[in-house]
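A.B. asks: Numbering (the working numbering), first residue to last: 144 to 202. Heads up, the beta-carbon is just placed ideally off N, CA and C, and yes, glycines get one too. Encoded as structure tokens, here's the structure I'll be asking about.
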Amino acid sequence: QADHDTIISAIVAGDAEVAREALQRHTLEQGDALMRFIALNKTKAVDRLPRAVNEEYSV
């Protein structure tokens, strides 16, 4: 939330450079967090199918 507040405050103040830097930093940090989440929660595509489909097709 603090990142959002910084970005909005900079926009409202008309400080494009601060807003750009804060938005870029926020986007990079959240992208990294998403990549870590995906890496830690990998599953095979077949594991996301309903059990009945897996059993029916012996996947």
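Would you identify the three-state DSSP class for Gln144, choosing helix, strand or coil?
C.D. replies: Sequence index remark: in the sequence shown, residue 144 carries index 1 (1-based). In this structure, Gln144 counts as coil in the three-state DSSP scheme.
A.B. asks: Rounding to the nearest angstrom, what Cα-Cα distance links Thr149 and Ala165 in this structure?
C.D. replies: Mapped onto the sequence shown, residue 149 falls at position 6. Mapped onto the sequence shown, residue 165 falls at position 22. Those two C-alpha atoms are separated by around 7 Å.
A.B. asks: Measure the C-alpha to C-alpha separation of Ala153 and Thr170 and round it to an integer number of angstroms.
C.D. replies: Indexing the sequence shown from 1 puts residue 153 at position 10. Indexing the sequence shown from 1 puts residue 170 at position 27. The straight-line gap from Cα to Cα measures roughly 16 Å.
A.B. asks: Could you check what DSSP says for Gly174 in three-state terms: helix, strand or coil?
C.D. replies: Stepping through the sequence shown from its first residue, residue 174 is reached at position 31. In this structure, Gly174 counts as helix in the three-state DSSP scheme.
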